[in-house]
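Just so we're aligned: the sequence shown equals residues 23 to 143 in the numbering used here.
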Amino acid sequence: MLGIDKDGMKKVLTITIGENESAKYWMTVLNELKNRGVQDILVLCADGLTGLKDAISAIYPKTEYQRCIVHQIRNSLKYVPYTDRKELANDLKTVYKASTEKLGYTNLLELEEKWKHKYQR
23 MLGIDKDGMK KVLTITIGEN ESAKYWMTVL NELKNRGVQD ILVLCADGLT
73 GLKDAISAIY PKTEYQRCIV HQIRNSLKYV PYTDRKELAN DLKTVYKAST
123 EKLGYTNLLE LEEKWKHKYQ R
């Protein structure tokens with residue numbers, strides 16, 4: 023588990039190997055971090071690990087949980103025919119790599135307009 027402190031420095035918080043990804047396992051890992059002095063976690067970005075979201079809510083209830091963008095894109099593109107994947111992936115990048123929230127939203131609207139007839143919600 024990698025952390026970034028308030029000064030922007032990356033620090034390895036723990037390296038663990040577990041038999042599964044249950045909430046119980048993650049509770050143990052997070053309690054260990056808390057016992058070692060990690061007072062709060064502002065944002066946790068993960069790839070949808072089973073049980074982690076529930077465990078973080080229990081141990082660090084103020085933490086904002088975010089799904090890793092790379093995994094979100096990969097999971098979304100599974101449902102898109104191979105012929106459209108590259109183009110749609112590039113269009114998605116204009117949204118999540120936008121320099122401002124406003125530009126990202128504008129790009130999202132353009133993406134929706136371009137693809138809505140082919141891919142509905």
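We treat Cβ as the ideally placed atom computed from N, Cα and C, and that holds for glycine. Remember, predicted model here, so these are calculated numbers, not experimental data.
Task: Pair within 9 Å by beta-carbon distance, L52 and A77 - done: yes
- [ ] Can you check DSSP and say which residues form a bridge with L66?
- [x] Y87
TODO: Would you decide whether L74 is buried or exposed? Buried here means 16 or more other CB atoms lie within 10 Å of its CB.
DONE: buried
Task: Given 8 Å, three or more beta-carbon pairs between the region 121-129 and the region 96-107 - done: no
TODO: Enumerate in chain order the residues of its own chain whose CB-to-CB distance from M23 is below 8 Å, with the five nearest sequence positions on each side excluded.
DONE: V34, L35, T36, I37, T38, V51, L55
Task: Limits of the alpha helix (DSSP H) - the one that K124 falls within - done: 123-137
Open item on the list: Can you find the residues in the same chain that come closer than 6 Å, C-beta to C-beta, to L110, ignoring five residues on each side of it along the sequence?
Closed with: V102
Task: Top-ranked residue by Cα proximity to N97, from T85, L114, Y82 - done: L114
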